[in-house]
Structures are given as structure tokens and as C-alpha cells.
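All remarks here apply to the structure that follows.
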Amino acid sequence: MDYCLRLDDACPQMNAEKWKKMESILDEYKIKPIVGVIPENRDPDFVSVADENFWGKACEWQKKGWTIALHGLHHELYFHESRGYYQLSHSRKTEWAGRSSTEQYEMLKQGYRILKEHGLTPTCFFAPCHTYDKATVKAIALMKTEGDSMYISDGYALHPYQRDGVYFLPTLFDTPHKLPMQGAYTFVYHPNNMQEQDFAYLEDFLKKYASLFRSADEIMEKYDSVKNQGILGKIIELVIYFLRGIKGSKE
Ligand SMILES: [Zn+2]
């Protein structure tokens, strides 16, 4: 059983106080999360005064063994019909889907370069709102052939899998909970929006299960020969997608 924690929306305009609280909890339990860093934030939802020390802080995370993920480019969201996505999603917002493969490749290159300039090397990518399309995956596969390899933190499955030449580390749930089936599970947090009770719940969970957590890079190394998604994987993906739809769509 492998659990992994993912923190979304790190940028200079993040809520530094909440992120600090998250970091101290993770340090206490020696958890190394995936941290999704927005290369050049333009999302009006993240409104705190820009932290001048942000990039230095991010480099410290990398040194501690946190997995650095490229999280979009500007995190600027557009309206999109909730179809045509690579990974089924009910969301009507996207930064990536609908653009040409060339444009998405340029966006990826730009984001990757910005993180590199700040001393970060992303090994993972994930799109805002889980929304991206075939062209995004094609562009990531192309980056891989150039030596800038990233797996995608997304997808409905119990284990990492491979599709169209790109590796996926699935994300089934947001809130951590004990799971009956063996697998690799990523739990997703948005520290900017966390409340006191969310921190308390997380701490309580880590008290019991911290030993089951690995960093995303460690998990991906373990699944070195990642299998293709296959028909069964596709069926699992569809079932989970429809169950999520019944539970209510999330943006
Ligand atoms: Zn985000």
C-alpha cells in the first residue's frame, strides 16, 4: 500500500501562513508530498501579497525531497464544455484543453523553463481542474523525448499506468482515508482553502498511517515497468467517472 499527498497551487501569492502550517505537520511526520507549483500565477483567486522569498522556499522543499510538479502555466481558467477531455471530468473550466498541440507544447516549455530558472526541476505535471486533452499528453510525450520527462498526477486507477507514452500516477480522492484495496493512492489538498478542522483531520490520519506514505517519485520508481492502462483500466476509469458524476460535479 502506498499513500501519497499532493499540495496544489503553490505560488508567490499563496496563503503563506496556511502553507507553513501544512509544512510543519508534514515535517513532523516526515511526509514528502508532491507540490504543484504555478510557474507564473495569473489566477485572481490567489490574492495574498506576493512573497519575495517564495522561490527560495520552493527550493528548500525540493531539497527536502518533495516532488516538484509543474502545475499549469498561469492557472488562468477559461470556460470549456465538459467534454473532449483526456481524463473524463465534469469540470467546465480549463487552462489547457482545446488548444493546439503546438501551443500546449510551447506553454509546457515556458512553464518548465520558468521553474528551472528558479532552481526547480519538475518531474511531474498536473493541469488546473484536472482538465487537459490529448494534445497536452502528446506535448508531454514530446518533452520526454527531449529529456524533460514528467509523469502526470491524474487519472482514475488503483496503480500507476502508462497511456500514449506517458506515465500516470492516479488521483482518486481528495480527503485521505484508509482504503481496503492494495494500490497507490494520492490524496489532494489545497492548502490555500484549508480550515482548522482540515488540518486536525490530516494530523489525525498521519498519526495512524504516516508509515504508509511515500513520495511520488519513490512510488514511480517502484512501478518502474508501468503497464499500459488496458481495457480493464479503461472500465475502472469509466465506473469511477460516473460515480463521481452522481456524487455531484466539482470544479
Ligand atoms: Zn490548481
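The opening position of the sequence shown corresponds to residue 1 in the working numbering, with each subsequent residue numbered one higher.
All C-beta atoms in this analysis are idealised placements derived from N, C-alpha and C, irrespective of residue type, glycine included.
Remark: the C-beta of residue 74 is outside contact range of ligand 1, defined as less than 7 angstroms to any heavy atom.
Residue 99 and residue 167 have their C-alpha atoms some 22 angstroms from each other. Around the C-beta of residue 111, 16 or more other C-beta atoms lie within 10 Å, and the residue is accordingly described as buried. Counting every other CB atom within 10 Å of its CB across the protein chains shown gives residue 145 a total below 16, marking it as exposed. For residue 13, no alpha helix (DSSP H) segment is defined, and its DSSP state is neither H nor E.
Ranked by Cα distance from residue 123, the first of 165, 57, 62 and 101 is 62. Judged by pairs of C-beta atoms under 8 angstroms, the region 111 to 120 does not touch the region 76 to 83, as fewer than three such pairs exist. A contact is defined here as three or more CB-CB pairs under 8 angstroms, and the region 128 to 141 fails this definition with respect to the region 209 to 223. Given a length threshold of 4 residues, each whole run of the alpha helix (DSSP H) inside the region 45 to 132 is given here in chain order: 54 to 63 and 101 to 117.
Per the DSSP secondary-structure output, residue 142 pairs with nothing in a beta bridge. Beta-carbon to beta-carbon, residue 4 and residue 185 are separated by about 7 angstroms, close enough to satisfy the 8 angstroms threshold. Counting only the Cα atoms, residue 14 lies some 18 angstroms from residue 25. Residue 25 sits in a helix when the DSSP states are folded into three classes. In the DSSP annotation of this structure, residue 169 is not part of any alpha helix (DSSP H); the continuous beta strand (DSSP E) holding it starts and ends at 166 to 169. The C-alpha of residue 18 is placed about 7 angstroms away from the C-alpha of residue 194. In the same chain as residue 142, and ignoring 5 residues on each side of it, the C-beta atoms closer than 7 angstroms to its own belong to 105, in chain order. In this structure, the alpha-carbon of residue 57 lies about 29 angstroms from that of residue 160. A Cβ-Cβ distance of about 19 angstroms is found for the pair residue 69 and residue 85, leaving them out of contact under the 8 angstroms criterion. Residue list for ligand 1: 8, 9 and 128 (CB closer than 5 angstroms to any heavy atom, chain order).
When beta bridges are read from the DSSP output, residue 6 appears opposite 34 and 188. Take residue 55, set aside five residues on each side of it, and the residues of its chain with a beta-carbon closer than 6 angstroms to its own are 118, in chain order.
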